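Residue numbering for the sequence shown follows this note's numbering, starting at 5 and increasing by one per position.
Each residue gets a CB set at the ideal place from its N, CA and C atoms; glycine is no exception.
Keep in mind the model is a prediction, meaning the values are calculated, not measured.
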Amino acid sequence: AFDTAKKVLQRIVAEGAQRPGAQKITVLLASRPTESLSGLTERDIDEGLLTEIADRLPLMECTHQAFDPAKSLQAALERLADDRTSLRYVHVLSDFRKRDWLDNEAAITALEELSTGKVGINLVRCVGEQHENLSLVDLQGEVAVAAAGVPVTFRAEVANNGTREVKDVRAQILIDGNRLPRTLDFGDIAANETAERRFDVVFDIAKLHRLQVRLHEDALVTDDTRYMAVDVPVENPVLIVDGSPSGEQALYLADALAADKSVTGFAPEIRPATDLRRIPLDRFHIVYLVNVPELPPDAIDAVKKYVENGGGLVWYLGPNVNAVSYNQTLFADSGLFPTKLALAPTALEHSEETEKSPDIVVGTHPMFEVFAGAENPLIDLVSVNLAFEPDADMAIEDPLLPETEVLATLRDKRPLVLLHRVGKGQVLTCLTSAGPVKTEETTWTNWANGPGKISFVVFQLEL
């Protein structure tokens with residue numbers, strides 16, 4: 005369409021040059037409607053201008069961006085407003101896409117004002133028919149967990165903007181300009197529909213890489229490619245702070261995250277709670293706070309700053325947790341904890357009847373996507389005996405911080421896994437223990453060491 009518009013402009017100048025000095029022309033671009041094209045303001049149309057136009061037009065390139073036509077029409081109206089003695093014409097060279105013109109009241113008003121002001125309007129459609137067009141509308145990836153030699157999952161989405169179904173849609177994957185020996189198969193995409201595909205990429209070297217997903221070129225080349233910069237470190241450090249006397253809960257997490265660092269890319273570091281105020285948290289990919297009794301003010305400030313700046317925080321509870329302190333300093337004062345806790349953990353009832361249902365009921369969040377389905381042995385084998393619950397004295401309709409999402413519940417509908425935002429970061433909270441903490445009567449949970457322990461590993465890697 006842009007190339008056609010340039011040809012139309014050259015033809016307009018050529019026709020005017022047949023009567024030298026009789027007409028003037030000003031050229032505006034939709035991308036810069038308030039300023040005319042350099043040297044093309046109120047220019048006399050003659051052979052000299054025709055020669056200049058012929059030289060300059062091939063050098064002009066389309067921006068491939070959408071601009072509101074109303075602004076260009078208004079700019080033309082303002083330029084012509086003071087000259088009411090001459091014959092005035094506005095030539096609009098466009099592809100007249102529906103999304104830019106349909107129901108655009110400002111553009112319609114500007115056209116009406118031009119017409120009322122006795123300005124001739126020539127709308128030139130620079131595309132003969134609607135072209136079929138596929139576009140890569142999205143490319144995202146779990147780049148926060150990228151590490152050298154570890155698979156990173158990405159998601160690409162293609163939209164069919166045309167009027168007919170497109171069959172066998174495929175895209176190429178390139179790393180640092182080098183094409184991978186495989187393609188993404190999107191299948192057949194109906195008109196005005198989208199298709200999404202996930203794919204894994206392994207970056208062998210720790211450095212800044214460029215990922216490129218590319219469709220076969222069609223009517224609009226610029227929307228056929230998406231890029232993503234991926235900064236790949238050697239490994240992703242994870243901080244685990246365990247308030248348990250023996251620190252054994254941290255060991256279950258460390259084993260889940262990095263039984264083989266070459267596979268997961270995580271490098272767990274276990275430290276005592278007192279170190280929270282002394283070490284720079286921003287070097288950690290995730291910070292786990294596990295069965296921590298309470299946090300002093302300076303540690304709370306450090307953790308909150310870390311999360312607000314985009315860090316990830318994970319809470320696991322346990323018998324050492326001081327619910328009174330959590331409720332005051334972490335829930336009410338800092339917002340680092342999503343709910344006011346009951347003062348003691350509550351047992352989940354187990355009977356012959358209840359054993360027919362799994363203890364953990366997961367929702368639809370992508371974090372639990374691998375566990376989705378009516379029957380999933382990965383999660384069905386997990387037993388939860390003790391967990392904290394929201395304080396019963398809180399209003400039943402508002403037991404959580406605003407915008408807190410419940411990702412999983414216990415069988416009796418009590419929240420178990422919660423997610424909320426603090427600044428740019430996210431906080432995930434599990435209201436039971438990380439490891440199999442034992443009491444005189446029972447064990448909090450067997451999630452990390454029971455027959456369903458693989459689900460514990462999968463869950464940590466999905467965080």
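- Straight across, the Cα-Cα distance linking leucine 465 with histidine 95 is about 59 Å.
- Between glutamate 273 and isoleucine 304, the CB-CB gap reaches or exceeds 8 Å.
- In this model, glycine 124 and alanine 80 are separated by some 12 Å (Cα to Cα).
- Around the beta-carbon of threonine 167, fewer than 16 other beta-carbon atoms lie within 10 Å, marking it exposed.
- Comparing alpha carbon positions, the residue from Thr436, Asn295, Ala396 closest to alanine 412 is Thr436.
- From the listed residues Trp105, Val236, Asn137, the smallest Cα separation to leucine 127 is found for Trp105.
- Residue nearest to arginine 36 within the set Thr67, Asp172, Val162 is Thr67 (criterion: CA-CA distance).
- Sequence-distant partners of phenylalanine 71 (beyond 5 residues in either direction) whose C-beta falls short of 7 Å from its own C-beta, in its chain, are Ala34, Ser35.
- Non-local beta-carbon contacts of lysine 122 in its own chain, meaning distances under 8 Å to residues more than five positions away in sequence, involve Arg88, Arg92 in chain order.
- Linking valine 17 to aspartate 192 through their CA atoms gives a straight-line distance of about 46 Å.
- Beta-bridge partners of tryptophan 448 (DSSP): none assigned.
- In summary, arginine 186 is exposed, with fewer than 16 beta-carbon neighbours lying within 10 Å of its beta-carbon over all protein chains present.
- The DSSP assignment places complete alpha helix (DSSP H) segments of no fewer than 4 residues inside the segment 79 to 110 at 102 to 105, in order along the chain.
- Taking each of Ala74, Val156, Val236, Leu467 in turn and checking the Cα distance to alanine 111, the smallest one comes out for Ala74.
- Classified as exposed, lysine 360 has fewer than 16 neighbouring CB atoms from the shown chains inside 10 Å of its CB.
- Taken through DSSP and simplified to helix, strand or coil, threonine 436 comes out as coil.
- Serine 338 and tyrosine 330 have their C-alpha atoms spaced approximately 10 Å apart.
- Rounded to the nearest whole angstrom, the C-alpha separation of valine 294 and proline 276 is 10 Å.
- With at least 16 other beta carbons inside 10 angstroms of its own, aspartate 228 counts as buried.
- In the DSSP assignment, tyrosine 320 is bridged to Val294, Cys434.
- In the DSSP assignment, lysine 28 is bridged to Asp48.
- In the structure shown, lysine 417 adopts coil according to DSSP, grouped into three states.
- A contact is defined here as three or more CB-CB pairs under 8 Å, and the segment 207 to 217 fails this definition with respect to the segment 245 to 252.
- Per DSSP, reduced to three states, the secondary structure at valine 307 is helical.
- As DSSP reads the structure, glycine 145 sits in a beta bridge with Phe158.
- Judged by DSSP in its simplified three-state form, glycine 20 adopts helix.
- Its Cα nearest to that of leucine 405, the residue Val426 stands out among Ala151, Glu298, Val426, Glu373.
- Taking C-beta atoms under 8 Å as the contact rule, threonine 343 and leucine 422 qualify, at a distance of about 7 Å.
- When DSSP reads this structure, serine 40 sits in a beta bridge with Leu32.
- Contiguous alpha helix (DSSP H) elements confined to the segment 339 to 408 occur at 381 to 384, taking only those with 4 or more residues.
- Between valine 217 and alanine 262 the beta-carbon gap is near 30 Å, outside 8 Å, which marks them as no contact.
- Beta-bridge partners assigned by DSSP to serine 139: Ala163.
- Using a Cβ distance threshold of 8 Å, leucine 317 and leucine 340 count as a contacting pair.
- Per the Cβ contact rule, the segment 192 to 202 is not in contact with the segment 229 to 240 (fewer than 3 Cβ pairs under 8 Å).
- Taking 8 Å as the cut-off, the Cβ atoms of valine 325 and valine 431 do not count as close.
- Bridge partners of asparagine 240 according to DSSP: Phe270.
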